[in-house]
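Asker: One structure is given below, represented as structure tokens, and several questions about it will come after.
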Amino acid sequence: MLEELRTLVLFAEEGSIQKVARRLPLTQPAVTRQIQRLEDMLATTLLDRRQKPPRLTQAGLDVLARGRDILASVEALKSFAGSAEPEGVLRLGLAHGLSDRDVAGAIANAAALFPNVSLRLKTGWSAELVYQFDRGQLDVAIVLRANTGESSEGAIGTERLGIVAGKQVGPATDLADAAWVLSPPPCDARQRLLAVLGEDRRRLSIAAEIQDPAMQMEWVRRGHGLGLMPMRLLRQHLPRGVMLIEAGDLDLSMQVVVMRSPHIHRLTKVADAVAKSVGAVINHDA
Numbered sequence: 020m021l022e023e024l025r026t027l028v029l030f031a032e033e034g035s036i037q038k039v040a041r042r043l044p045l046t047q048p049a050v051t052r053q054i055q056r057l058e059d060m061l062a063t064t065l066l067d068r069r070q071k072p073p074r075l076t077q078a079g080l081d082v083l084a085r086g087r088d089i090l091a092s093v094e095a096l097k098s099f100a101g102s103a104e105p106e107g108v109l110r111l112g113l114a115h116g117l118s119d120r121d122v123a124g125a126i127a128n129a130a131a132l133f134p135n136v137s138l139r140l141k142t143g144w145s146a147e148l149v150y151q152f153d154r155g156q157l158d159v160a161i162v163l164r165a166n167t168g169e170s171s172e173g174a175i176g177t178e179r180l181g182i183v184a185g186k187q188v189g190p191a192t193d194l195a196d197a198a199w200v201l202s203p204p205p206c207d208a209r210q211r212l213l214a215v216l217g218e219d220r221r222r223l224s225i226a227a228e229i230q231d232p233a234m235q236m237e238w239v240r241r242g243h244g245l246g247l248m249p250m251r252l253l254r255q256h257l258p259r260g261v262m263l264i265e266a267g268d269l270d271l272s273m274q275v276v277v278m279r280s281p282h283i284h285r286l287t288k289v290a291d292a293v294a295k296s297v298g299a300v301i302n303h304d305a
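Every position in the sequence shown, counted from 1, becomes a number in the working numbering once 19 is added.
What follows is the structure in structure tokens.
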């Protein structure tokens, strides 16, 4: 009905079907059909076709006045929806592998730009977060996915993993035969390692399953096994007593992907700000 009302307003301004057709642009029969559809919907006659050119009837004038009010209200609603300050609760899921101080700071700084939004943050493994997102339990999920060489929808960067060991282990290490200190399944980094090692995964020896990153590095430092750590963090600070192991041609990288619900409306601005801020951290010095 909105298009038909707009056509009626144009008719009142131009005074003829021909001039309205030029402004839209439509054919004259198409403009006539729009006016007729509006008459059918309202069950009233809007034009006095006995006159040449037709003129608005009294009912047409009344509908014109109400129609202008309706169209103005629609435009005001569009303006409100597009520019109003975001408010409400944003449920954000973040993969464990990204739950470090830099990413936390990026999320907090982005959220601080929207004082009327309450951020409800939850960490978990990517598979768990995707499951919750698909069921509407999260509005936004920042997850890790295998790097297939093609950019996934929503990808904001690449997280590259480094292999670390205690200095007593030595750089010449058979990765397939080595013991590993990893997070419990379904750890994203662990799954990536298994996929990259391929056939050697059946020989992967797990020395310890520890979810806390600080304790993992302590266990690695003491020589209990090899560990995995994001290269962006290793470049900032290599933990004491730990060294980086040459991984050869192993591609231990994962895409960082942001999943957004299409139903968060004004909170999309917040989701975009969080994604941009986290992407800047992931891609810094990449």
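Backbone N, C-alpha and C fix where the C-beta goes; we use that ideal spot for every residue, glycine too.
Please state if the CB of H243 and the CB of F198 are separated by a distance shorter than 8 Å.
Answerer: The residue you asked about is not Phe; residue 198 is Ala in the sequence shown. Yes, these two residues count as a Cβ contact at 8 Å.
Asker: I'd like the ranges of any beta strand (DSSP E) spanning at least 3 consecutive residues and lying wholly in the stretch 112-192.
Answerer: 136-143, 159-165 and 174-185
Asker: If contact is defined by three or more beta carbon pairs under 8 Å, each pair taking one atom from either stretch, is the stretch 235-255 in contact with the stretch 144-163?
Answerer: Because the criterion of three Cβ pairs below 8 Å is not met, the stretch 144-163 and the stretch 235-255 do not touch.
Asker: Tell me, to the nearest whole angstrom, how far the beta carbon of V82 is from that of L61; I am working on the premise that it is less than 8 Å.
Answerer: 6 Å
Asker: Give me the DSSP bridge partner(s) of D268.
Answerer: According to DSSP, which records beta bridges pairwise, D268 is partnered with nothing at all.
Asker: Buried or exposed for G79, please, with buried defined as at least 16 other CB atoms from any protein chain shown within 10 angstroms of its CB.
Answerer: buried
Asker: Let me make sure I understand the geometry here. Which of A131, G124, S202 and M273 has the alpha-carbon closest to that of G168?
Answerer: M273
Asker: Beta carbon of Q47, beta carbon of T26: below 8 Å?
Answerer: no
Asker: Between the stretch 233-240 and the stretch 292-301, are three or more C-beta pairs nearer than 8 Å?
Answerer: no
Asker: Output yes or no for whether 8 Å exceeds the beta carbon distance between D196 and A114.
Answerer: No. Outside cutoff.
Asker: If the criterion is Cβ atoms closer than 8 Å, does the pair P105 and L286 meet it?
Answerer: Yes, they are a contact pair.
Asker: Any idea if D158 is buried or exposed, counting beta-carbon neighbours within 10 angstroms, 16 or more meaning buried?
Answerer: buried
Asker: If I measure Cβ to Cβ from L269 and keep anything under 7 Å in the same chain, skipping five residues before and after, which residues do I get?
Answerer: V215
Asker: Who are the Cβ neighbours of Q156 in its own chain at under 8 Å, not counting the five residues just before and after it?
Answerer: R110
Asker: For the alpha helix (DSSP H) containing P249, name the first residue and the last one.
Answerer: Taken as a continuous stretch (DSSP letters only), P249 belongs to no alpha helix (DSSP H), being part of the beta strand (DSSP E) at G246 to P249.
Asker: Indicate whether I175 and V200 have their beta-carbon atoms separated by less than 8 Å.
Answerer: no
Asker: Terminal residues of the continuous beta strand (DSSP E) containing S224?
Answerer: S224 to E228
Asker: What distance in whole Å lies between the Cβ atoms of R56 and D67, which are believed to be in contact at a cut-off of 8 Å?
Answerer: So it is not a contact: roughly 18 Å between Cβ atoms.
Asker: Who pairs with D291 in a beta bridge, going by DSSP?
Answerer: According to DSSP, D291 bridges with nothing at all.
Asker: Tell me whether A125 is buried or exposed, calling it buried when 16 or more other Cβ atoms sit within 10 Å of its Cβ.
Answerer: buried
Asker: Taking only the alpha-carbon atoms, compute the straight-line gap between G217 and L21 and give it to the nearest angstrom.
Answerer: 60 Å
Asker: Please confirm if the stretch 24-44 is in contact with the stretch 89-97, defined as three or more CB-CB distances below 8 Å between the two stretches.
Answerer: Counting Cβ pairs under 8 Å, three or more are found: they touch.
Asker: Which value, in whole angstroms, describes the spacing of the CA atoms of P204 and V183?
Answerer: 20 Å
Asker: Unbroken alpha helix (DSSP H) runs of length 4 or more, entirely within the stretch 33-105: which are they?
Answerer: 36-42, 47-61 and 77-102
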